[in-house]
Each structure stands twice: as structure tokens, then as C-alpha cells.
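What follows is one structure encoded as C-alpha cells, with my remarks underneath.
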Amino acid sequence: MERYMSRQNYTFTSESVSEGHPDKVCDRISDAILDALLAEDPLARVACETFATTNRVVIGGEIGLTDQAKLSEYMAAIPDITRACIKDIGYEQDKFHHETVEITNLLHEHPRTSPRA
Numbered sequence: 001m002e003r004y005m006s007r008q009n010y011t012f013t014s015e016s017v018s019e020g021h022p023d024k025v026c027d028r029i030s031d032a033i034l035d036a037l038l039a040e041d042p043l044a045r046v047a048c049e050t051f052a053t054t055n056r057v058v059i060g061g062e063i064g065l066t067d068q069a070k071l072s073e074y075m076a077a078i079p080d081i082t083r084a085c086i087k088d089i090g091y092e093q094d095k096f097h098h099e100t101v102e103i104t105n106l107l108h109e110h111p112r113t114s115p116r117a
């Protein structure tokens with residue numbers, strides 16, 4: 001059995017989207033949530049996915065911090081983090097504006113009781 005795949009035996013794919021594309025917006029929102037939690041706790045657990053459509057953002061997955069009280073604070077701050085990210089990107093359209101977009105937070109809290117949790 002060959003140890004490595006031959007260069008002729010695989011398919012390479014990649015995604016390329018333009019600035020302002022919903023995929024890029026969603027990635028930025030997920031990254032902003034990750035960055036906020038890691039700034040609070042370098043051992044934060046974050047598995048976050050974001051979906052955006054006309055006037056709506058849906059965020060799902062799970063997040064965890066060692067400090068349960070801080071975790072609850074961050075869960076409540078998810079809409080603010082999301083709005084700040086959208087504003088930073090520069091969205092000010094009638095059907096997708098940082099001040100009026102509807103945000104659904106479906107993140108689950110994953111309490112971390114130890115660094116290995």
C-alpha cells in the first residue's frame with residue numbers, strides 16, 4: 001500500500017467569494033465571537049456556525065468558558081458582538097443593517113470545569 005497519495009489521485013477544491021458575500025459576513029461574525037471568548041479565556045471552547053439571509057442572522061453551536069458567570073454574560077452579549085461586527089464590515093442596507101437585523105442565538109452553553117473539559 002502506498003504511504004502517500006499520488007498527486008494524480010486527488011481532487012483539490014476551494015471556495016472564492018467576493019467582499020460582502022454572506023459567507024464572508026458569517027465567517028467574520030463567527031470569528032468575532034471566537035475572538036471575544038478567547039480574549040476572556042484562552043482555554044475557551046468555541047464551535048460556532050453562522051447563517052445570514054435577508055435581515056436575519058442565526059448563530060448556532062456551543063461555547064464554553066471556565067467561569068460560568070462570564071459564560072452567561074457572553075451568551076447575553078452575542079447580539080451586541082454580532083451587530084458590532086456587521087457595523088465594522090460596513091453593512092447599512094435596508095434589508096441588512098447592523099441596527100435592525102434580527103439575530104437568533106442558538107448557541108448552547110458548554111460549561112468548562114477544567115482545562116480538559
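With UniProt numbering applied, the sequence shown corresponds to residues 1 to 117, in that order.
The beta-carbon is built from N, C-alpha and C at its ideal position, and this holds for glycine as well.
All of these numbers come straight from a predicted model, not from anything done at the bench.
Determine the burial state of residue i: buried for a count of at least 16 other Cβ atoms within 10 Å of its Cβ, exposed for fewer.
| i | result |
| --- | --- |
| Ser-30 | buried |
| Asp-37 | Inspection of the sequence shows that residue 37 is occupied by Leu rather than by Asp. Buried is the call here. |
| Ala-76 | exposed |
| Thr-82 | buried |
| Thr-50 | buried |
| Gly-64 | buried |
Leaving out five residues on either side along the sequence, give the residues of the same chain with a beta carbon under 6 Å from the beta carbon of residue i.
| i | result |
| --- | --- |
| Glu-62 | Ala-47, His-108 and His-110 |
| Ile-86 | His-98 |
Could you tell me which residues DSSP pairs with residue i in its beta bridges?
| i | result |
| --- | --- |
| Ala-47 | Glu-62 |
| Ala-36 | Per DSSP, none; premise fails for Ala-36. |
| Arg-56 | Thr-53 and Glu-102 |
| Leu-71 | None; Leu-71 has no bridge partner. |
Report all residues from its chain with a CB closer than 8 Å to the CB of residue i; omit the five preceding and five following residues, and keep chain order.
| i | result |
| --- | --- |
| Pro-79 | Ile-103 and Asn-105 |
| Asp-92 | Before going on, a small fix: residue 92 reads as Glu here, not Asp. Answer for Glu-92: His-98, listed in chain order. |
| residue 120 | Residue 120 lies beyond the range of the chain shown here (1 to 117); nothing can be said about it. |
| Lys-95 | Thr-54 and Asn-55 |
Could you name the residues of the same chain whose beta carbon sits closer than 7 Å to that of residue i, not counting the 5 residues immediately before and after it, in chain order?
| i | result |
| --- | --- |
| Ile-89 | Val-25 and Arg-28 |
Between residue i and the ligand MG, is there a pair consisting of the residue's CB and a ligand heavy atom that are separated by less than 6 Å?
| i | result |
| --- | --- |
| Ile-86 | With respect to small molecules bound, the structure shown includes none, and the ligand MG cannot be examined in it. |
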